[in-house]
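Working notes, structure below.
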Amino acid sequence: MRAAAPGGFLVLPWSGGGSSSDPEQEPGPGEEGRGGLLLRTGALLGLTVICVAVLRRWIAGGVCRCSVRLDGQTVLITGANTGIGKETSRELAARGARVVMACRDLTRAEQAAEEIRRSTGNGNVVIRHLDLASVYSVRQFAKDFLDSEDRLDILINNAGVMMCPRWLTEDGFETQLAVNHLGHFLLTNLLLPRLKSSAPSRVVTVSSIAHRGGRIDLDDPFFIRRPYSPLESYRQSKLANVLFTRELARRLRGSGVSSFCLHPGVIRTELGRHVEGWFPFLRALLSLPSLLFMKTPSQGSQTTVYCAVTPGLEGRSGRYFSDCAEKEAAPEGQDDEVARRLWEESARLVGLKDTC
Ligand SMILES: NC(=O)c1ccc[n+]([C@@H]2O[C@H](COP(=O)([O-])OP(=O)(O)OC[C@H]3O[C@@H](n4cnc5c(N)ncnc54)[C@H](OP(=O)(O)O)[C@@H]3O)[C@@H](O)[C@H]2O)c1
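Here the sequence shown stands for residues 1277 to 1632, where the numbers follow my numbering.
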């Protein structure tokens, strides 16, 4: 029996006291306590699972819900052997496209391509060698592509390098600007005849929210006179992606070729490889939080796929997207005068006389 004490408190008998006459009917207070604890732990676990699921859903961001098929179309994706590029290749292969994966490491590229062929059932997935850090390689690649491919419906400028040390390419360019912008600038220009003949066609360039606060220094783009900052260089290159997209759209108005750029989100890929090199324990330290707070590569590919396949986006050519929706680029990404000057300087650097 429980007794109400003066003041309304419930007086519980001591568990070891044996005062309960029928333990079958009335559970002992120890069991009650354990039951309560179990209940509270279960509720807490349930709440945690729900919170993590809601958080993960929110982190995942937008999903491309458009079910357009790409049978008979050709897609070219740079940096497709891993990360976002590999998952974009998989998504587009699953829609029936011929997918050309342009990569610098052909062994990893073939492994990725084989995995994609198996998982999508699309055997029309091929690899080709492309090193965006080399003007020679880009020109060679473009020549082979034009000689052998009849169509180019979607070009995805995805490959990228982030915050590497100040490395110079064989052409004497700083690596981040060379790979992220100049290589793609040259590639797109050289492939324009095929994009135009396949119109309506699209160029999708993977930029980053890091373009915000970026600055294009046309007097010293390769950090020769100013101290090298890996972050400033990455920002400059990603701002160049946004300005390139804008200027390309302006120059191609009426041609049937549209141009889009995007921020894919914050994704668990190999992009941080150079940053992790400075702090060897960083990867281990961040592995658990990254599982919670970063997109998977497949989630990270959604905005690229959205820009590549969503019908009716042509009127938004030149714009910036994030989470499968159009977003405002930073003011520095809307400067038409800098975009025009960057285009002219890029053409001079890569030795391109005839641009669109
Ligand atoms: N991950 C993010 O959170 C995030 C956020 C914003 C923007 N982005 C952008 O998303 C794009 C894809 O990055 P990711 O996250 O998927 O990174 P990733 O896993 O490191 O993949 C980058 C790809 O680019 C390739 N690449 C690098 N240098 C190259 C070169 N010289 N020639 C040809 N290919 C080259 C890499 O090839 P190797 O494997 O041979 O090195 C790899 O296939 C990049 O443009 C990046 O700036 C990513």
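A virtual CB, placed ideally from N, CA and C, is assigned to each residue, including glycine. As the structure is a computational prediction, the values presented were derived from the model and not from experiment.
- The C-beta separation of Ile1392 from Arg1366 comes to about 5 Å, placing the pair in contact by the 8 Å criterion.
- Between the region 1571-1581 and the region 1593-1601, the count of C-beta pairs closer than 8 Å reaches three or more; the two stretches touch.
- Set against 7 Å, the gap from the CB of Ser1484 to the closest heavy atom of ligand 1 is smaller.
- In the DSSP secondary-structure assignment, Cys1379 is bridged to His1405.
- Approximately 15 Å separates the beta-carbon atoms of Ile1353 and Leu1382; this is outside 8 Å, ruling out the contact.
- Here His1539 is bridged, per DSSP, to Ser1598.
- With the rule of 3 Cβ pairs closer than 8 Å, the region 1394-1408 does not count as touching the region 1471-1480.
- In this structure, Arg1384 has its beta carbon less than 7 Å from a heavy atom of ligand 1.
- In the structure shown, the three-state DSSP call for Val1480 is strand.
- Taking the Cα of Ile1485 as reference, the smallest distance to any Cα among Leu1524, Ile1543, Asp1447, Gly1532 is reached at Ile1543.
- Among the bridge pairs identified by DSSP, Asn1433 is matched with Thr1481.
- For Ile1353, the enclosing beta strand (DSSP E) covers residues 1350-1354.
- Taking a cut-off of 8 Å on C-beta distances, the region 1335-1351 touches the region 1422-1433, as three or more cross pairs fall below it.
- Spatial neighbours of Lys1603 in its own chain (CB-CB distance under 8 Å, excluding positions within 5 residues in sequence) are listed in chain order as His1539, Tyr1596, Phe1597.
- Taking C-alpha positions only, Leu1462 is separated from Thr1317 by approximately 59 Å.
- Look at His1539: its beta carbon is less than 7 Å from one of the heavy atoms in ligand 1.
- For Thr1445 against Ser1410, the beta-carbon gap comes to about 7 Å, under 8 Å, which counts as contact.
- Going by C-alpha positions, Glu1386 is about 54 Å away from Leu1313.
- Taken in chain order, the whole alpha helix (DSSP H) runs of length 4 or more contained in the region 1554-1585 are 1558-1569, 1573-1576, 1578-1585.
- Per DSSP, reduced to three states, the secondary structure at Glu1546 is coil, with no helix or strand assignment.
- At least one heavy atom of ligand 1 lies less than 7 Å from the C-beta of Ile1543.
- Of the other Cβ atoms in all chains shown, fewer than 16 fall within 10 Å of the Cβ of Ala1560; this residue is therefore exposed.
- By the neighbour-count definition (other C-beta atoms within 10 Å, threshold 16), Ala1319 is an exposed residue.
- Cys1583 and Val1480 do touch by the CB rule: their CB atoms are close to 5 Å apart, below 8 Å.
- Counting C-beta pairs closer than 8 Å gives three or more between the region 1614-1624 and the region 1518-1538, which meets the contact rule.
- Excluding its 5 nearest sequence neighbours in each direction, Thr1324 has no C-beta neighbour in its own chain below 6 Å.
- Listed as beta-bridge partners of Val1533 by DSSP are Ser1477.
- Classified as exposed, Lys1419 has fewer than 16 neighbouring CB atoms from the shown chains inside 10 Å of its CB.
- Between His1457 and the set His1487, Cys1340, Leu1468, the nearest pair of CA atoms involves His1487.
- Under a 10 Å Cβ-count criterion, Glu1620 is classified as exposed, with fewer than 16 other Cβ atoms of the shown protein chains found around its own Cβ.
- Comparing alpha-carbon positions, the option among Pro1573, Glu1450, Pro1556 lying closest to Gln1512 turns out to be Glu1450.
- As summarised for the region 1452-1530, the continuous beta strand (DSSP E) elements at least 3 residues long and confined to that stretch are 1477-1482, given in chain order.
- By the beta-carbon neighbour count (other beta carbons within 10 angstroms, threshold 16), Gly1359 is buried.
- Spanning the alpha carbons of Val1339 and Glu1307 requires a straight line of approximately 48 Å.
- Checking the 7 Å criterion, the Cβ of Ile1432 is out of range of every heavy atom belonging to ligand 1.
- Judged by DSSP secondary structure, Asp1423 falls within the alpha helix (DSSP H) whose first and last residues are 1411-1424.
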